[in-house]
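To start, the structure itself, in C-alpha cells.
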Amino acid sequence: MEPGAGVGSPVNADARQERLAALLARTALGDRAAFAELYSAMRSQLFAVSLRIVREHGLAEEVLQDSFVNIWSHAGAYAQAKSAPATWMTAIVRNRSLDIVRRTREEPDVDDQLSANLVDESATPARDVERRAEAHSLNECMQELEPEQRQSIALAFHHGLSHSELAQHLHRPLGTVKTHIRRGLLRLRDCLMRLEGTHT
Amino acid sequence: MRKLSRDLAHALAAEYVVGTLRGRARARFEAIARDDREVASIVRAWEDAMTPLAERVAPVEPPARVWRRIESRIAPASAPRAGFWTSVRLWQSAAAGLALMLIVTLATFAPRGGRDAEPMMVAVLSASDAAPRAVVSLYAPDVMRVRIVKPWGNMDNQSLELWAIPHQGAPRSLGLLANAADRETLMKMPMGSLRDVKMLAVTMEPMGGSPTKQPTASPVCSGPIAAMRRT
C-alpha cells in the first residue's frame, strides 16, 4: 500500500502534463525525437507499474515495448481521450500488463453475477465521477474504506492480483474477497462524487 | 438496444480499471466500452480517479534494449505513414529555391491587394515532390493571405487545414482553406501569433477540420516561414 505520500506541487505537475501533451501531439505527427523524449520521461515510471503486475522483468519489458509501439501509432487518439497524458499512458501500460498476466497466469475468473447481467435500460445521463479527480481526493476516499476493502483494492490494483489470488493471499473465501472489492469500489465512487460536489 | 445499467457500468468499469475483471468478462466489457461512449466515459472516469495511485510507485529503470526494440518496430520501412516531421524537413531544402522564385513573383503582383509592396512574411508550402502548392503571406500584422497554387483533386468529404508549427510545443490550427486555385483565403490572426512559428503545413482533415484540434494526418504540403521585414 502506498500511504498518502506527498503530491508534487500542482504548478510543476501541470507544467509536466502540458509538456507531455505537447510531446504526444508531436508524436501523433510522426516526430521521432518527441517520441524518444516521451519515452525518456515516462519509461521508469511505466516500467515500475508494469513490473509490479507482471512480476517478471522480461514480461515487463515486453509490456513497455508493446505499449510504446501502441502509443506511437495511436498518439492521435490521445486528444480525444481528455485524460491527463500520464494517466492515458499509464492506463495503456496497465491494460497491456493485465492482458499479459491473463495470458501467462490464465485462470477462468468470470464474475458471472456482474458480467452476465446485461439489462435493458434507456440511458439516463447522470453526473460522473469528476474526470480529473485529484490524487488527494482519492487518498482521502481510500482512507474511508474498511481496512480489508482498502487492502484488497490496493493489492489488485498494484500487483494485478485476481479475485482468487487475493483470496489465497489474504486467506479469505473467494466470495468475501469479491464482496470487499465490490463494496469498496462502490464506497470509493460515492466518496469521490461527494468530494466533487463539495469542490464545485 | 441493450445497455448496461449505469450502476452496473460503474461496477464493471471499476473492476476493469482495478484489474479484477478478467478473462472473457474483461474482453466483453472492453468491446462494450468501445461501442458505447457513455460506458467509455465511465471507464475514463475510473482511470482518471485510480491512476494517480500508480503514479506514486517508485520508478524502475528499464534496460536500454527496450527502446532499441521499440525503435526497430516503428522503423519507417514498416510504418504506414511518412513521418510528418521527417517529410517537413526533407521538403524544406527542396522548396527553398522555388520559394525564392515565388517571392519574386509575389512581389511583382502583391501591390494589387496590399498597402505595401513588400510582404512582412512569406511561406511557400510545397508537396513532397517539391512542387509548390500554397503561398502564404502576411501584409498586415494580423491578416494572413493564403493562395492555393494548385488545388487538390481527391478531396472527398475532407477539408484543408492550415497549421502553425512552433519551434517547440504542439502545432496550432490557423483555420481551414478553400481548395480552389482562384480563391485567396484571408485569415484574421491575433497579433504576434506567428512569432514562435518556424513552419506552416497543410493537412487533409475530416470535413470541418480536425476533430482533435491536432493534425490527424501527414501534411500534403509544408514550408518554412521567411520573414521579409520586421513586424
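Protein chains in written order, with the working numbering: chain A, 1 to 200; chain B, 1001 to 1231. Note that CB positions come from ideal geometry on N, CA and C, so glycine has one too.
Asked: Close-in-space but distant-in-sequence residues of the same chain around G1224 of chain B (CB under 7 Å, 5 per side omitted); Found: Here residue 1224 of chain B turns out to be Pro, not Gly, going by the sequence shown. Excluding sequence neighbours, P1224 of chain B sits near Q1092, A1123, K1198, M1199.
Asked: Nearest-angstrom Cα separation, counted from R194 of chain A out to V129 of chain A; Found: Note that V129 of chain A has pLDDT 34, beneath the 50 cutoff, so the model's placement of it is unreliable and no number is given.
Asked: Assigned secondary structure, W1067 of chain B (DSSP; H/G/I helix, E/B strand, else coil); Found: helix
Asked: 4-residue-minimum alpha helix (DSSP H) runs that sit fully inside the region 143-169 of chain A, ordered along the chain; Found: 147-159
Asked: Under 8 Å from the C-beta of P1059 of chain B: neighbouring residues of chain A; Found: S44, Q45, F47, A48
Asked: Rounded distance between the beta-carbons of G30 of chain A and T1216 of chain B, thought under 8 Å; Found: Contact doesn't hold; Cβ gap of about 12 Å is too wide.
Asked: Three CB pairs or more closer than 8 Å across the region 1168-1185 of chain B and the region 1144-1153 of chain B; Found: yes
Asked: Residues bridged to Q1158 of chain B (per DSSP); Found: B:P1206
Asked: A1180 of chain B vs P1151 of chain B beta-carbon contact at 9 Å; Found: yes
Asked: Within chain B, the residues that R182 of chain A reaches when beta carbons sit closer than 7 Å; Found: A1011
Asked: Cut-off 8 Å between Cβ atoms - residues of its own chain near R19 of chain A, not counting five sequence neighbours on either side; Found: A41
Asked: Beta-carbon proximity check, F68 of chain A vs I1070 of chain B, cutoff 9 Å; Found: yes
Asked: Outcome for R1112 of chain B when other beta-carbon atoms lying within 10 angstroms are tallied against a minimum of 16; Found: Note that R1112 of chain B scores 44 on pLDDT, short of 50, meaning its location in the model is unreliable; the coordinates nonetheless yield the value given after this. Flag for R1112 of chain B reads exposed.
Asked: Test: I1225 of chain B CB closer than 9 Å to a CB of chain A; Found: no
Asked: S162 of chain A classed as buried or exposed, judged by whether at least 16 other C-beta atoms fall within 10 angstroms; Found: buried
Asked: Below-9 Å beta-carbon distance, P125 of chain A vs any chain B residue; Found: For P125 of chain A, the predicted model reports a pLDDT of 30, less than 50, meaning its position is unreliable; a value from the coordinates is still stated below. Yes, contact with chain B.
Asked: Contact with chain B by E140 of chain A, beta-carbon distance below 9 Å; Found: no
Asked: Per-residue DSSP class, three states only, for A133 of chain A; Found: Reliability of the predicted coordinates at A133 of chain A is poor, the pLDDT of 40 falling under 50, and no value is obtained from them.
Asked: Against chain A: residues of the region 1153-1169 of chain B by CB proximity under 7 Å; Found: G1169
Asked: Chain B within 9 Å of V69 of chain A, Cβ atoms only; Found: yes
Asked: Chain B contact for E148 of chain A (CB, 9 Å cutoff); Found: no
Asked: Any C-beta of chain C under 9 Å from that of M1120 of chain B; Found: Looking for chain C here will not work: the only protein chains present are A and B.
Asked: is_contact[I1148 of chain B, chain A] using C-beta, thresh 9 Å; Found: no
Asked: Buried or exposed by the 16-neighbour rule on C-beta atoms within 10 Å, applied to D112 of chain A; Found: Confidence is the limiting factor: at D112 of chain A the pLDDT is only 39, short of 50, which leaves the residue's position unreliable, though a coordinate-based value still follows. Exposed: under 16 other Cβ atoms inside 10 Å.
Asked: Short CB-CB distance (under 9 Å) between M1050 of chain B and chain A; Found: yes
Asked: T1051 of chain B, enclosing alpha helix (DSSP H) - first and last residue; Found: 1037-1054
Asked: As assigned by DSSP and simplified to three states, the class of T1212 of chain B; Found: coil
Asked: Outcome for P1190 of chain B when other beta-carbon atoms lying within 10 angstroms are tallied against a minimum of 16; Found: exposed
Asked: C-beta contact flag for R52 of chain A and H180 of chain A at 9 Å; Found: no
Asked: Proximal chain B residues relative to L192 of chain A, where beta-carbon distance stays under 8 Å; Found: A1049
Asked: S1072 of chain B, DSSP secondary structure in three states; Found: helix
Asked: Contained alpha helix (DSSP H) runs [length at least 4] in the region 8-57 of chain A, N- to C-terminal order; Found: 10-28, 32-54
Asked: Own chain residues within Cβ distance below 6 Å of A1033 of chain B, not counting five before or after; Found: V1039, A1040, V1043
Asked: Inter-residue CB distance, A1054 of chain B and R94 of chain A (contact presumed, cutoff 8 Å); Found: 7 Å
Asked: P1111 of chain B in three-state terms, based on DSSP; Found: Its pLDDT being 43, under 50, P1111 of chain B is placed unreliably in this model, and the coordinates cannot settle the point.
Asked: A1140 of chain B, enclosing beta strand (DSSP E) - first and last residue; Found: 1132-1140
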